[in-house]
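**Q**
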Amino acid sequence: MLLLRPGERYEEDIDPMLICGAGKVMAGLRPGALVYPHYGYAPSTARLKKGALPPPPYVVESLSEPRDLVPLRSVDGDGGVYVSDYIPPPAAVVTASAAPALSGSAAPAASGAVMPEPPVTAQPPAGATPPALVDGRGPRMVVRTSPLLDASSATEVTMTVTLSNEGQRSALLHFRNDDVGFTVTTPSGEVMRCDRGGGQRGAVRDFFETLGPGRRHAVTLRLYEICPVATFRQPGIYSILADVSLQQDGDTYNLPATVAEVRAEAPSKLRVRTGRDPYHRSPPAVSSAAPTTPAAPVTP
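Residue numbers 770 to 1069, in this note's numbering, belong to the letters of the sequence shown in order.
1. Start and end of the alpha helix (DSSP H) containing Tyr993?
2. Mapping the DSSP letters down to three states, classify Asp904 as helix, strand or coil.
3. Quick check on the DSSP output: the alpha helix (DSSP H) that includes Leu787 runs from which residue to which?
4. Is it the case that the Cβ atoms of Ile995 and Lys1038 are separated by a distance below 8 Å?
5. Looking only at C-alpha atoms, which of Leu803, Ala821, Ser833, Asp964 sits nearest to Gly846?
6. Please report the distance separating the alpha-carbon of Gly776 from that of Val949.
7. Output needed for Arg1042: all residues of its chain with C-beta closer than 8 Å, excluding positions within five of it in sequence on either side, in chain order.
8. For Asp1012, which of helix, strand or coil comes out of DSSP?
9. Across the stretch 972–991 and the stretch 1019–1027, are there enough close Cβ pairs to call them in contact, namely three or more that are closer than 8 Å?
10. DSSP three-state label for Val953, please.
11. Our contact map puts Leu841 next to Val828 with C-beta atoms below 8 Å; I'd like the distance itself, whole angstroms only.
12. If I measure Cβ to Cβ from Pro857 and keep anything under 6 Å in the same chain, skipping five residues before and after, which residues do I get?
13. Decide if the stretch 923–936 is in contact with the stretch 980–987; the criterion is three or more beta carbon pairs, one per stretch, under 8 Å apart.
14. Could you name the residues of the same chain whose beta carbon sits closer than 7 Å to that of Pro806, not counting the 5 residues immediately before and after it, in chain order?
15. What's the C-alpha gap between Arg945 and Glu1034?
16. How is the beta strand (DSSP E) around Met961 delimited, first residue to last?
17. Roughly how many whole angstroms lie between the Cα atoms of Ala1054 and Val1013?
18. Do you know offhand how far Pro1070's Cα is from Val912's?
Written out as structure tokens, the structure reads:
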């Protein structure tokens, strides 16, 4: 129980996923949506005599006897603007190169026209290493995971990691379950690393595979088997960022295998409903800071 004296308040940041889970409601929630909070229990369906109090449980109740206010089963709040805590990475900017000048068939410049000066290309200093060539049509590996996950307890935490080739050429690679790792941020803000260390084992010739353009390879892992024991003890919302480490270059078998470190485009949010540790690390206390006011939606 938390006693609030007149003028006092209690504040707590709550991720909507803690209540909505990983279903369609949470998937459809977008930044800028109006959210109306409701705290308490559903209205009682029992018929009450005139002047009778609603049946318990209550979320607001007087401490004096006789009561100086009617106990409340619920409290409704004003609507606020939902602001997502995820900031997407900036999109890659591709600059088109200018078309080459035509030779022979190019039309002569009009009389009096001012021809633009050719662009000045910066020359590398003498002795400098030339930049490495980039194959724009080569294989491009991308890692993706489900954006929203739900688990009843720590032992039920599973995640499917998909490695895709979104380039225009095939890639030869050695991809096993232990090549996948995770960076987990717990509800209390602790950052933990989960991996099996795939680089500590050798490569098997039969496990090299060709991943063609548009093809993908998915693996499903139980995180409690590869994460530290205490990782998912606290119920709440976790942020999980997956990565894939392709370390086997194929030199042992004279194979031109792809070597790369690939990180997921965005972290996944996981809700763990129950745990050994309490949801609150410390008992709720009266807030001393000034109340926060949600920002109004911006109209373009």
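Beta carbons: idealized from backbone N, C-alpha and C, even for Gly.
Since the structure is predicted, the reported quantities are computational estimates derived from the model, not experimental observations.
**A** In terms of the structure at hand:
1. 992–995
2. Coil at Asp904, not helix or strand.
3. DSSP places Leu787 in the uninterrupted alpha helix (DSSP H) bounded by 786–789.
4. no
5. Leu803
6. 52 Å
7. Asp919, Ala920, Ser921, Ser922, Pro1004
8. Judged by DSSP in its simplified three-state form, Asp1012 adopts strand.
9. yes
10. In this structure, Val953 counts as strand in the three-state DSSP scheme.
11. Confirmed, Cβ separation roughly 6 Å.
12. Any reading at Pro857 needs caution, since the residue's pLDDT is 44, under 50, leaving its predicted position unreliable; the model's value is listed next. There are no such residues.
13. yes
14. The answer, listed in chain order, is Gly846.
15. 20 Å
16. 960–963
17. 42 Å
18. As displayed, the chain neither begins before 770 nor continues past 1069, which places residue 1070 out of reach and without an answer.
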